[in-house]
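Visitor: What the sequence shown shows, in our numbering, is residues 1 to 121, in sequence order. The structure's right below; bear with me while I get my questions together.
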Amino acid sequence: MDIQTCIKYLDFVSQECERYLRDGRVSDEELINLIIEMKRFKEKSENSNLPTELKSKISDLKLDYTVQRVERGSWYILAAFASFGAWSVLIHFRQQSKRKQTLSEISFDASRLSSFIRFNY
Numbered sequence: 001m002d003i004q005t006c007i008k009y010l011d012f013v014s015q016e017c018e019r020y021l022r023d024g025r026v027s028d029e030e031l032i033n034l035i036i037e038m039k040r041f042k043e044k045s046e047n048s049n050l051p052t053e054l055k056s057k058i059s060d061l062k063l064d065y066t067v068q069r070v071e072r073g074s075w076y077i078l079a080a081f082a083s084f085g086a087w088s089v090l091i092h093f094r095q096q097s098k099r100k101q102t103l104s105e106i107s108f109d110a111s112r113l114s115s116f117i118r119f120n121y
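See below:
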């Protein structure tokens, strides 16, 4: 992986995040796929011939988004069943909010790192 590929990849991830946020709804699958892509990018960059400082910046990138943090749990189904759907609507909005927040964080991190690379390399 070279520097131009790194910039293009980060720009792509940032644009995908923005596109999902504009749609208004973020599915678990979309978010999990972006998380997997960011982790794959981090692994590829560690094994590449990028400058050491840049590798350090990429390794400092926060990628601790877990599937449990994003996916809805079994309590979601239990709450929906027990409350005849009223609580499930509230829980759904809460989950959407968490997904959007996670996407915003990924987009911000990707944009920030892309800008850093453009200005310094």
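Cβ atoms here follow ideal geometry from the backbone N, Cα and C, with glycine treated the same way. Computed from a predicted structure; not experimentally measured.
(1) Evaluate the contact criterion for the segment 99 to 118 versus the segment 13 to 32: three or more CB pairs, one atom per stretch, below 8 Å.
(2) Do you know how far the Cα of S115 is from the Cα of L54?
(3) Is L113 near L31, with beta carbons less than 9 Å apart?
(4) Return the residue from the list Q96, Y9, K57, K100 that minimises the CA-CA distance to R177.
(5) Work out the CA separation of Q95 and M1 for me, nearest whole Å.
(6) State the CB to CB distance for the pair V13 and K100, rounded to an integer number of angstroms; the pair is presumed to be in contact (CB under 8 Å).
Guide: According to the structure data:
(1) yes
(2) The residue labelled residue 54 in the question sits at position 54 within the sequence shown. The residue labelled residue 115 in the question sits at position 115 within the sequence shown. Distance between the alpha carbons of L54 and S115: 12 Å.
(3) Taking the sequence shown and counting its residues from 1, one reaches residue 113 at position 113. Taking the sequence shown and counting its residues from 1, one reaches residue 31 at position 31. Not a contact, by the Cβ cut-off of 9 Å.
(4) The requested residue 177 is not part of the displayed model; the chain covers only 1 to 121.
(5) For the purposes of this step, residue 1 is taken as residue 1 along the sequence shown, with counting starting at 1. For the purposes of this step, residue 95 is taken as residue 95 along the sequence shown, with counting starting at 1. About 35 Å.
(6) Locating residue 13 in the sequence shown gives position 13, counting from the first residue. Locating residue 100 in the sequence shown gives position 100, counting from the first residue. Between K100 and V13 the Cβ distance is about 16 Å, and since that is not below 8 Å, they are no contact.
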